[in-house]
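The block underneath contains the structure these notes are about, expressed in structure tokens.
Protein chains: 2
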Amino acid sequence: MRDLDDCRVPLVSEPLNADQAERLAPSFKALGDPVRLRLLSLIASHAGGEVCVCDLTDAFDLTAPTISHHLKVLKETGLVTAERRGTWVYYRARAEALGLLSTVLAVPRFAAAQGTAA
Amino acid sequence: MRDLDDCRVPLVSEPLNADQAERLAPSFKALGDPVRLRLLSLIASHAGGEVCVCDLTDAFDLTAPTISHHLKVLKETGLVTAERRGTWVYYRARAEALGLLSTVLAVPRFAAAQGTAA
DNA sequence: ACCTTGATTAGATGTCTGCCAAAATAGGCG
DNA sequence: CGCCTATTTTGGCAGACATCTAATCAAGGT
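So the sequences go chain by chain: A and B.
Going by the numbering used here, 63 is the number at position 63 of the first sequence; the sequence numbering is gapless.
Quick note, the numbering used here runs 1000 ahead of the 1-based positions in the second sequence.
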């Protein structure tokens, strides 16, 4: 999702316009499911940077098509990429995408401190 | 949402367990709607730290009940707090909650660089 | 060619979500 | 108290979503 590039601004520093919100929301929506969050985390935290779908399927009590569906959602929002090598398909997390979303939610240090104190 | 406290770990550093994912997902889901994203941004970026509902309603082509509904979702996930003072209700962003989610998505600097390069 | 394993797509179904109109609640004021 | 404004709750509906089964596609091996 290259069209997120101009959204790399904390939402706390100025109001998101309708357009930016429209482009960012799908990414957060993708993260809004526990299975997808875990999938992404499994992929992103895996040594070597990539994970085979077969390894992911085993980690859940869900059918392969369901996992595949969730992976597709993550892929469509640009949070992961997929590459087939022979029989297997490997997924990788897109650090840029993750970083961008992290930045959007980031809070200036002293403001965070205020929040914690409150 | 105090029970998010032990989720303050980047999703990229180790796999989220089912329990953590279950607790984090609702927050991301709340952010997964463009209207709520804008509402949160309007609230979080507002000078003085708080915004009256009446000001929020005017910013959208939506009815008051719809805005109220979205604010409720944000409130239930702990992203904002509401306080009534006289006739009006004021909403504030919870910087802690925002910061936590930002941390969960954060990517170590060099890993982010790799991602950008790829 | 055929069969097997890995993965995705298609179709069906029950649940959830976003929206609105109407009704209810909360405060302030004459 | 009765009225007015601000906000939330309720009820209902159309569209979206998570999940499953069955079918299909991809790559390898026999």
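Heads up, the beta-carbon is just placed ideally off N, CA and C, and yes, glycines get one too.
Short CB-CB distance (under 8 Å) between residue i and chain A
{"i": "B/Lys1075", "result": "no"}
{"i": "B/Glu1014", "result": "yes"}
{"i": "B/Glu1050", "result": "no"}
{"i": "B/Glu1022", "result": "yes"}
{"i": "B/Ala1082", "result": "no"}
{"i": "B/Val1107", "result": "yes"}
{"i": "B/Ala1018", "result": "yes"}
{"i": "B/Leu1011", "result": "yes"}
{"i": "B/Gly1115", "result": "Here the model assigns B/Gly1115 a pLDDT of 49, short of 50, so the residue's position is not dependable, and the following value carries that caveat. Answer yes: the Cβ-Cβ gap between B/Gly1115 and chain A drops below 8 Å somewhere."}
{"i": "B/Gly1099", "result": "yes"}
Exposed unless 16 or more other CB atoms sit within 10 angstroms - verdict on residue i
{"i": "B/Cys1007", "result": "buried"}
{"i": "A/Asp19", "result": "exposed"}
{"i": "B/Lys1072", "result": "exposed"}
{"i": "B/Arg1084", "result": "exposed"}
{"i": "A/Ala25", "result": "buried"}
{"i": "A/Asp33", "result": "buried"}
{"i": "B/Thr1077", "result": "buried"}
Cβ of residue i within 8 Å of any chain B Cβ
{"i": "A/Asp33", "result": "yes"}
{"i": "A/Lys72", "result": "no"}
{"i": "A/Leu62", "result": "no"}
{"i": "A/Ser68", "result": "no"}
{"i": "A/Leu4", "result": "no"}
{"i": "A/Ala25", "result": "yes"}
{"i": "A/Leu56", "result": "no"}
{"i": "A/Ala47", "result": "no"}
{"i": "A/Arg38", "result": "yes"}
Enclosing beta strand (DSSP E) for residue i [first to last residue]
{"i": "A/Cys54", "result": "Per DSSP, A/Cys54 belongs to no beta strand (DSSP E); it is in the alpha helix (DSSP H), Val53 to Thr57."}
{"i": "B/Ala1093", "result": "Trp1088 to Ala1093"}
{"i": "A/Glu83", "result": "Val80 to Arg85"}
Reference residue i, options the options, closest by Cα
{"i": "B/Val1107", "options": "A/Leu56, A/Arg109 and A/Leu101", "result": "A/Leu101"}
{"i": "B/Ser1041", "options": "B/Leu1074, B/Val1089 and B/Leu1016", "result": "B/Leu1074"}
{"i": "A/Ser13", "options": "B/Thr1103, B/Glu1076 and B/Ala1095", "result": "B/Ala1095"}
{"i": "A/Asn17", "options": "B/Leu1004, B/Ser1045, B/Asp1003 and B/Arg1023", "result": "B/Ser1045"}
{"i": "B/Val1035", "options": "B/Ala1064, B/Leu1098, B/Val1009 and B/Asp1003", "result": "B/Ala1064"}
{"i": "A/Ala47", "options": "A/Tyr90, A/Leu62 and A/Lys29", "result": "A/Tyr90"}
{"i": "B/Lys1029", "options": "B/Arg1109, B/His1070, B/Asp1061 and B/Asp1005", "result": "B/His1070"}
{"i": "B/Asp1003", "options": "B/Ser1027, B/Ala1059, B/Thr1087 and B/Leu1105", "result": "B/Ser1027"}
{"i": "A/Gly49", "options": "A/Asp61, A/Thr81 and A/Phe60", "result": "A/Thr81"}
Boundaries (first-last residue) of the alpha helix (DSSP H) holding residue i
{"i": "A/Thr66", "result": "Ala64 to Glu76"}
{"i": "A/Ala30", "result": "Ala18 to Leu31"}
{"i": "A/Arg119", "result": "There is no way to answer for residue 119 of chain A, as the model of chain A reaches only from 1 to 118."}
Whole-Å CB distance - residue i paired with residue j, under 8 Å assumed
{"i": "B/Leu1098", "j": "B/Leu1079", "result": "7 Å"}
{"i": "A/Leu37", "j": "B/Ala1093", "result": "About 22 Å separates the two Cβ atoms, so there is no contact after all."}
{"i": "B/Ile1043", "j": "B/Val1051", "result": "5 Å"}
{"i": "A/Val104", "j": "A/Pro15", "result": "Their Cβ separation, rounded to whole angstroms, is 13 Å, which puts A/Val104 and A/Pro15 out of contact at 8 Å."}
Residue i CB to nearest heavy atom of the ligand FAD below 7 Å
{"i": "B/Ser1068", "result": "Looking at this structure, you won't find the ligand FAD or any other ligand, since it has none at all."}
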